[in-house]
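Student: Let me give you the structure first, and then I'll get to my questions.
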Amino acid sequence: MALKIVKGSIDRMFDKNLQDLVRGIRNHKEDEAKYISTCIDEIKQELKQDNIAVKANAVCKLTYLQMLGYDVSWAAFNIVEVMSSSKFTYKRIGYLAASQCFHESTDVIMLTTNQIRKDLSSPNQYDTGVALTGLSCFVTPDLARDLANDIMTLMSHTKPYIRKKAVLIMYKVFLKYPESLRPAFPRLKEKLEDPDPGVQSAAVNVICELARRNPKNYLSLAPLFFKLMTSSTNNWVLIKIIKLVSCFCVVKYLGLLAMSKILKTHPKSVQSHKDLILQCLDDKDESIRLRALDLLYGMVSKKNLMEIVKKLMLHVDKAEGTTYRDELLTKIIDICSQSNYQYITNFEWYISILVELTRLEGTRHGHLIASQMLDVAIRVKAIRIFAVAQMATLLDNAHLLTGNMQRNGICEVLYAAAWICGEFSEHLENPMQTLEAMLRPKVATLPGHIQAVYVQNAAKLFSTVLKSQEGSTEGTAAQETSQLMIDRLPLFVQSANLEVQERASCILQLVKYIQKLQQKEVEVAEEVSALFAGELNPVAPKAQKKVPVPEGLDLDAWINEPPSESESEDEQPKAIFAKEEPKHSRSRHTEVDEKELARRREARKQEQANNPFYIKASPSSQKVYQESPGVEHIPVVQIDLTVPLKVPGLPMSDQYLKLEEERRQKERADKKKKEKKKRKEKRSGRGRRHDSGPESEEDITPAHMVDIVTEEMPEMCLTLNHKVCDIQGNLQDGSQVVVSVIFENKCDSLLKSMEFNVLDSLNSKLQRPEGSGPHDGFTVPFQLPPGVSNEARLVFTVQSIVMPQKMKGTLTFIVKNEDSSIHEKLDFKLHFTCTSYLITTPCYSDAFAKLLESGDLKCSSVRLEEVNMPFHHLLARICFHHHFSVVERIDSCASMYSRSIQGHHVCLLVKTSGQTVSIDAKCDEPTLLGNVLDEIKQTFSQC
Amino acid sequence: MIRAILIFNNHGKPRLSKFYEHYTEDTEQQIIRETFHLVSKRDENVCNFLEGGMLIGGSDYKLIYRHYATLYFVFCVDSSESELGILDLIQVFVETLDKCFENVCELDLIFHVDKVHNILAEMVMGGMVLETNMNEIIMQVDAQNKMEKSETFIFQSTRQDR
Numbered sequence: 001m002a003l004k005i006v007k008g009s010i011d012r013m014f015d016k017n018l019q020d021l022v023r024g025i026r027n028h029k030e031d032e033a034k035y036i037s038t039c040i041d042e043i044k045q046e047l048k049q050d051n052i053a054v055k056a057n058a059v060c061k062l063t064y065l066q067m068l069g070y071d072v073s074w075a076a077f078n079i080v081e082v083m084s085s086s087k088f089t090y091k092r093i094g095y096l097a098a099s100q101c102f103h104e105s106t107d108v109i110m111l112t113t114n115q116i117r118k119d120l121s122s123p124n125q126y127d128t129g130v131a132l133t134g135l136s137c138f139v140t141p142d143l144a145r146d147l148a149n150d151i152m153t154l155m156s157h158t159k160p161y162i163r164k165k166a167v168l169i170m171y172k173v174f175l176k177y178p179e180s181l182r183p184a185f186p187r188l189k190e191k192l193e194d195p196d197p198g199v200q201s202a203a204v205n206v207i208c209e210l211a212r213r214n215p216k217n218y219l220s221l222a223p224l225f226f227k228l229m230t231s232s233t234n235n236w237v238l239i240k241i242i243k244l245v246s247c248f249c250v251v252k253y254l255g256l257l258a259m260s261k262i263l264k265t266h267p268k269s270v271q272s273h274k275d276l277i278l279q280c281l282d283d284k285d286e287s288i289r290l291r292a293l294d295l296l297y298g299m300v301s302k303k304n305l306m307e308i309v310k311k312l313m314l315h316v317d318k319a320e321g322t323t324y325r326d327e328l329l330t331k332i333i334d335i336c337s338q339s340n341y342q343y344i345t346n347f348e349w350y351i352s353i354l355v356e357l358t359r360l361e362g363t364r365h366g367h368l369i370a371s372q373m374l375d376v377a378i379r380v381k382a383i384r385i386f387a388v389a390q391m392a393t394l395l396d397n398a399h400l401l402t403g404n405m406q407r408n409g410i411c412e413v414l415y416a417a418a419w420i421c422g423e424f425s426e427h428l429e430n431p432m433q434t435l436e437a438m439l440r441p442k443v444a445t446l447p448g449h450i451q452a453v454y455v456q457n458a459a460k461l462f463s464t465v466l467k468s469q470e471g472s473t474e475g476t477a478a479q480e481t482s483q484l485m486i487d488r489l490p491l492f493v494q495s496a497n498l499e500v501q502e503r504a505s506c507i508l509q510l511v512k513y514i515q516k517l518q519q520k521e522v523e524v525a526e527e528v529s530a531l532f533a534g535e536l537n538p539v540a541p542k543a544q545k546k547v548p549v550p551e552g553l554d555l556d557a558w559i560n561e562p563p564s565e566s567e568s569e570d571e572q573p574k575a576i577f578a579k580e581e582p583k584h585s586r587s588r589h590t591e592v593d594e595k596e597l598a599r600r601r602e603a604r605k606q607e608q609a610n611n612p613f614y615i616k617a618s619p620s621s622q623k624v625y626q627e628s629p630g631v632e633h634i635p636v637v638q639i640d641l642t643v644p645l646k647v648p649g650l651p652m653s654d655q656y657l658k659l660e661e662e663r664r665q666k667e668r669a670d671k672k673k674k675e676k677k678k679r680k681e682k683r684s685g686r687g688r689r690h691d692s693g694p695e696s697e698e699d700i701t702p703a704h705m706v707d708i709v710t711e712e713m714p715e716m717c718l719t720l721n722h723k724v725c726d727i728q729g730n731l732q733d734g735s736q737v738v739v740s741v742i743f744e745n746k747c748d749s750l751l752k753s754m755e756f757n758v759l760d761s762l763n764s765k766l767q768r769p770e771g772s773g774p775h776d777g778f779t780v781p782f783q784l785p786p787g788v789s790n791e792a793r794l795v796f797t798v799q800s801i802v803m804p805q806k807m808k809g810t811l812t813f814i815v816k817n818e819d820s821s822i823h824e825k826l827d828f829k830l831h832f833t834c835t836s837y838l839i840t841t842p843c844y845s846d847a848f849a850k851l852l853e854s855g856d857l858k859c860s861s862v863r864l865e866e867v868n869m870p871f872h873h874l875l876a877r878i879c880f881h882h883h884f885s886v887v888e889r890i891d892s893c894a895s896m897y898s899r900s901i902q903g904h905h906v907c908l909l910v911k912t913s914g915q916t917v918s919i920d921a922k923c924d925e926p927t928l929l930g931n932v933l934d935e936i937k938q939t940f941s942q943c
Numbered sequence: 001m002i003r004a005i006l007i008f009n010n011h012g013k014p015r016l017s018k019f020y021e022h023y024t025e026d027t028e029q030q031i032i033r034e035t036f037h038l039v040s041k042r043d044e045n046v047c048n049f050l051e052g053g054m055l056i057g058g059s060d061y062k063l064i065y066r067h068y069a070t071l072y073f074v075f076c077v078d079s080s081e082s083e084l085g086i087l088d089l090i091q092v093f094v095e096t097l098d099k100c101f102e103n104v105c106e107l108d109l110i111f112h113v114d115k116v117h118n119i120l121a122e123m124v125m126g127g128m129v130l131e132t133n134m135n136e137i138i139m140q141v142d143a144q145n146k147m148e149k150s151e152t153f154i155f156q157s158t159r160q161d162r
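This is how it looks when you write it as structure tokens:
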């Protein structure tokens, strides 16, 4: 016994505890490593002893040395020994050492399973606690599997201290042994509502970590989290929940969905989140990516289009899986082409984007890119040079596109490339090279329809090449070109595709013939190029409506005589002027005979003939009004079929073609001008009439005002004021309308080379100087120094005057600064109202009455409410703005008259009672009447 | 998740290292050295967050640290943790140490790293935050220390009995 005590004290004398070790190391700064190695030897000795206190002390020191970087795994077994001590003090030292140096490949771990199980079920909560803490650091799949049930039981332990540790360690168990998640989850969910905040917090922690890996599965917990968020006072829990909610994708999705709704009403507030939306393109969830794409579609503007597309292009490069990438591609094209390329300011950029897109591997949307290339090249004239150059490069490098069978879809762009190079071959820098590229043997591997286009356009190129070569001195070069065609074309003649075969053989024969002529030294280039003369124009989908009906076909003629009953029904006479002339309307009502029918049909035809939106009927002349003096027949509308179809509704995309830099420069300049341009002036000038009637001396000669509606063009630095100052009724060739346009330069630079052009409609045409084509503009015969205004007169030919007309036009001009000059454009609309075709003509009351009784006039009426002006002012206003003259005035009732330049009579009966004015009107042209009344109504609604 | 908790002094000497992932001892030392390099060259008036530590985790991970007198407390965490939450946790940790050691200084940590580990074990478990309430932490630490003392007393008394 005494010996033991002595031995024990000796042991303790030799024992160095942790503090001694630390102190010793600090005292041996010079030879730290050597000192530590002697310490480790001591520790090894200590570990060999039976005394658990000594072993625990040694393990404690090892834990410290481990921190300094010494490998202590050799003592793993001793650590397990210390862990299994019944004393908490030693147990804790053991578990700490284990947590610092055990890992999955530590083999003694498998010896610990039972010990840990025993500790977990210890009556002492701190034994359980250190076991859980230690286990959380070195749990292996085996341990997790074996201990999952024990830990799950601990989740419902009576002590919250154990519960929270058990809940938290479950996450580690799930990681190592995923099968445990399903059975444990209900209990875990239960712990979210544990009375102890620490346990709650642990449960939130675990669920947040789980949800980070797979948010969707935990969506059902959202209401519970929301409840916690409002009730919990624990900051840590709150932070975790907020983190969690933000990773529920559904929140993202709902957010994007909400944004798309906000976008419709408040686009600006959404546009500021552009970067966030772009980030969503990286989301794992495809539905979120697609939502984000949809949003982008809605939020592009001229300013951010390039930026957004640039980012989308990056995503195209990164995108995994062709489906999503194809979706991106179509969206890029959709975004760029929406509303007729509304947001594209630089088409060179757009072409480059399209060309870049062709480098995509394996896309299905080659045809889409191709159609865009064609569309842009055809519609944006100014881009053609650039487009042709790009397409020539594409053709040259066709092998890159076709080299891989996988990329088949993309070879569709060669269709577009070939067509563009052929059609606009005059812009080619080196047509010969492109021609050779198009006749490479490799072309024969392309799909048939593309080969066909290749062959056809090779012919176009051939003509261009011939032209240039014959122009030069070398006569043999042209012959060599023909020889090239003859050499290469037979390849296509053998094609299995009929279309290719046919075109190739045709062209081959043609070239052979050309070669014969060349050998006789005949100049052929002119004639060859005549084959492809003329320009192909874009045709709008509704263009068919404008195609005239062939002569002799009357679409309105009855095939059978219609049943008279239905006829009388659709021509219910309206009781206008009914009170004044009851007899008249009654007689119309009863006499629906054959004659009347024929007359009405005639009238309808006439109406249709005058309506520019109607297809013109037979060339038979139509009467306007028999009694009108000097009035002859309405002219036959002859449509010149050689003139290509013009589609007035087609927007000119040219206006967007500007270099980005130039645009910015303009924007800068624009800011200075902003104030000036805001006040757009309208001046009403005075009209002069050549066929001046007796009242031409009248003081208030009505101005024939025509508004120019300038389209949204921020770069505008010039105002246009114009008015129709001269209307000449000439019924032999339709009517000529002289429009005077005042150009006012409001910027600080000289404007020159102004060219005024409008898109002719079938009804109205600008009269152009002799010898110029139908698309040529009218060159304004002056320059405008800053601040100066001047007037130009333009003559329009108007066929029908019964409808108001809006003509779209463009003014191009050069802005000249000291150092540079910029080509500028201004889009506008000319508005010809029906009123402007009316001429103030006097009429005597008896002639007026006769006119009304004649029964040839159609009635219509309009009611004006809340007109707050004396009656004579009202009449003066109608006279001034709408060119009427007063025939007779009795109290609050007046009759008025006017005549159109084509001789239509317009009669008004204006009555007023209080603030209500009723206007009953008659005219031999109901469409004209309706429009004039609308315009009168408009006048009074503005005052 | 917290990947690692390191305490080192102004010279980079480790005072506590707790890794919640397994690394070899060499790698651990390298991490401590590099972290010290990253953190120590930053001014006092710059922010307490550092992204993209090369050794631990990569881009999803960041270092959140505080500098108290001679010691740096560095937590390496992934994106699931809130930066401010962790800063607060460091503060709780330091205040707890201060309470447990009564005016804690570097020497306390040098000589009683085992105690620091025991305190930390009540706050962070297996890389997850266990408790943020300082009173609760101190209470549990004290209870365990009391238990340890009673055991030592029994141990010593049994010895003396013999």
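Chains as they are written, first to last, in UniProt numbering: chain A, 1 to 943; chain B, 1 to 162. Cβ atoms here follow ideal geometry from the backbone N, Cα and C, with glycine treated the same way.
(1) Taking C-beta to C-beta, are TYR297/A and LYS264/A nearer than 9 Å?
(2) Measure from the alpha carbon of ILE116/A to the alpha carbon of each residue in LYS516/A, GLU81/A, CYS101/A, then state which is nearest.
(3) Assuming TYR161/A contacts GLY129/A under a Cβ cut-off of 8 Å, what Cβ separation, rounded to an integer in Å, is found between them?
(4) Considering only the beta carbon of each residue, do GLU470/A and ALA459/A sit closer than 9 Å?
(5) So GLN140/B contacts chain A; which residues on that side make the cut at Cβ distance below 9 Å?
(6) Taking MET299/A as the reference, give the member of HIS266/A, GLN279/A, LYS310/A, ARG325/A with the closest Cα.
(7) Check TYR65/B in the structure and name its three-state DSSP category.
(8) Rounded to the nearest angstrom, what separates PRO14/B and VAL316/A at their Cα positions?
(9) Does the beta-carbon of HIS823/A have 16 or more other beta-carbons within 10 angstroms, so that it is buried, or is it exposed?
(10) Where do the N-terminal and C-terminal ends of the beta strand (DSSP E) with MET807/A fall, by residue?
(11) What are the start and end residues of the beta strand (DSSP E) that includes ASN9/B?
(12) I need the boundaries of the alpha helix (DSSP H) containing VAL204/A, first residue and last residue.
(13) I'd like to confirm the pairing. Which residues does DSSP put opposite ASP920/A in its beta bridges?
(14) Residues in the same chain with beta-carbon distance under 6 Å from ILE450/A, minus the five sequence neighbours each way, listed in chain order, please.
(15) According to the Cβ coordinates, are VAL802/A and VAL739/A closer than 9 Å?
(16) Could you tell me which chain B residues have their CB closer than 9 Å to the CB of ILE169/A, listed as they occur along the chain?
(17) What do you reckon, are the CB atoms on LYS189/A and VAL199/A nearer than 9 Å?
(18) Would you tell me roughly how many angstroms separate the C-alpha atoms of TYR343/A and LYS302/A, rounded to the nearest one?
(19) Starting from the N-terminal side, write out each stretch of the alpha helix (DSSP H) that is 4 residues or longer and does not extend beyond the segment 3-91 of chain A.
(20) With C-beta atoms as the reference, is CYS39/A less than 9 Å away from VAL72/A?
(21) Note the first and the last residue of the continuous beta strand (DSSP E) segment covering HIS823/A.
(22) Might you give, ordered along the chain, the residues of its own chain that have their beta carbon closer than 8 Å to the beta carbon of GLN271/A, omitting 5 neighbours on each side?
(23) Quick check: the Cα distance between THR35/B and TYR126/A, rounded to an integer number of angstroms?
(24) Whole angstroms is fine: what's the gap from residue 967/A's alpha carbon to ILE52/A's?
(25) Which of the residues in the segment 90-107 of chain B, read from start to end, lie with their CB under 8 Å from any CB of chain A?
(26) Starting from GLN338/A, trace the alpha helix (DSSP H) in both directions and tell me its first and last residue.
(27) Whole angstroms is fine: what's the gap from THR810/A's alpha carbon to CYS336/A's?
(28) In three-state terms, what does DSSP make of GLN902/A?
(29) With three or more beta-carbon pairs closer than 8 Å as the criterion, would you say the segment 388-403 of chain A touches the segment 434-442 of chain A?
(30) Is there a Cβ from chain B that is less than 9 Å from the Cβ of PRO786/A?
Tutor: Short version:
(1) Stepping through the first sequence from its first residue, residue 297/A is reached at position 297. Stepping through the first sequence from its first residue, residue 264/A is reached at position 264. Not in contact: TYR297/A and LYS264/A (Cβ atoms no closer than 9 Å).
(2) For the purposes of this step, residue 116/A is taken as the residue at position 116 of the first sequence. Cα-wise, what sits closest to ILE116/A is GLU81/A.
(3) As a position in the first sequence, residue 161/A is number 161, starting the count at 1. As a position in the first sequence, residue 129/A is number 129, starting the count at 1. Sure, about 6 Å apart at Cβ, within 8 Å.
(4) In the first sequence, residue 470/A corresponds to position 470, counting from 1. In the first sequence, residue 459/A corresponds to position 459, counting from 1. No, the pair does not count as a contact, with Cβ atoms beyond the cut-off.
(5) Taking the second sequence and counting its residues from 1, one reaches residue 140/B at position 140. Ordered by position in chain A, the residues that pass the 9 Å Cβ test against GLN140/B are TYR126, GLY129, TYR161.
(6) Here the question's residue 299/A lines up with position 299 in the first sequence. Among HIS266/A, GLN279/A, LYS310/A, ARG325/A, the Cα nearest to that of MET299/A is on HIS266/A.
(7) The sequence position of residue 65/B within the second sequence is 65, counting from 1. Reduced to three states, the DSSP call for TYR65/B is strand.
(8) Along the second sequence, read from residue 1 onward, the residue named residue 14/B stands at position 14. Along the first sequence, read from residue 1 onward, the residue named residue 316/A stands at position 316. Each residue's alpha carbon lies about 48 Å from the other.
(9) To locate residue 823/A, count along the first sequence from 1; it is residue 823. So HIS823/A counts as exposed.
(10) Position 807 of the first sequence, counted from the first residue, corresponds to residue 807/A. That run of the beta strand (DSSP E) goes 805-816.
(11) Working through the second sequence from its first residue, we reach residue 9/B at position 9. Start and end: 2-9.
(12) As a first step, residue 204/A is located in the first sequence; it is residue number 204 there, counting from the start. First-last of the alpha helix (DSSP H) with VAL204/A: 197-213.
(13) Counting from 1 along the first sequence, the entry for residue 920/A is found at position 920. Its beta-bridge partners are SER861/A, LEU909/A.
(14) Along the first sequence, read from residue 1 onward, the residue named residue 450/A stands at position 450. Cβ neighbours of ILE450/A beyond the five flanking positions: LEU414, TYR415.
(15) Within the first sequence, numbered from 1, the residue matching residue 802/A stands at position 802. Within the first sequence, numbered from 1, the residue matching residue 739/A stands at position 739. Not in contact: VAL802/A and VAL739/A (Cβ atoms no closer than 9 Å).
(16) Numbered from its first residue, the first sequence carries residue 169/A at position 169. Chain B residues near ILE169/A: MET125, GLY126, MET128.
(17) What you label residue 189/A is simply residue 189 of the first sequence in a count that begins at 1. What you label residue 199/A is simply residue 199 of the first sequence in a count that begins at 1. Not closer than 9 Å, so no.
(18) Counting from 1 along the first sequence, the entry for residue 343/A is found at position 343. Counting from 1 along the first sequence, the entry for residue 302/A is found at position 302. Cα to Cα, the separation comes out at about 4 Å.
(19) As far as the segment 3-91 of chain A is concerned, its whole alpha helix (DSSP H) runs of at least 4 residues are 18-27, 32-48, 52-67, 76-83.
(20) Numbered from 1 along the first sequence, position 39 holds the residue referred to as residue 39/A. Numbered from 1 along the first sequence, position 72 holds the residue referred to as residue 72/A. Cβ atoms of CYS39/A and VAL72/A: not closer than 9 Å.
(21) Locating residue 823/A in the first sequence gives position 823, where the first residue counts as 1. That run of the beta strand (DSSP E) goes 821-832.
(22) Within the first sequence, residue 271/A is the residue found at index 271, counting from 1. Taken in chain order, the residues that qualify are MET299, SER301, ASN304.
(23) As a first step, residue 35/B is located in the second sequence; it is residue number 35 there, counting from the start. As a first step, residue 126/A is located in the first sequence; it is residue number 126 there, counting from the start. Their Cα atoms are separated by approximately 34 Å.
(24) Chain A is shown only over 1 to 943; residue 967/A falls outside these bounds and no answer can be derived.
(25) none
(26) One-based indexing of the first sequence puts residue 338/A at position 338. Run containing GLN338/A: 322-341, per the alpha helix (DSSP H) assignment.
(27) Indexing the first sequence from 1 puts residue 810/A at position 810. Indexing the first sequence from 1 puts residue 336/A at position 336. In a straight line, the C-alpha of THR810/A is about 23 Å away from that of CYS336/A.
(28) Taking the first sequence and counting its residues from 1, one reaches residue 902/A at position 902. In the structure shown, GLN902/A falls within a coil segment according to DSSP collapsed to helix, strand and coil.
(29) yes
(30) To locate residue 786/A, count along the first sequence from 1; it is residue 786. Any Cβ of chain B closer than 9 Å to the Cβ of PRO786/A would place that residue at the interface, and such an atom is absent.
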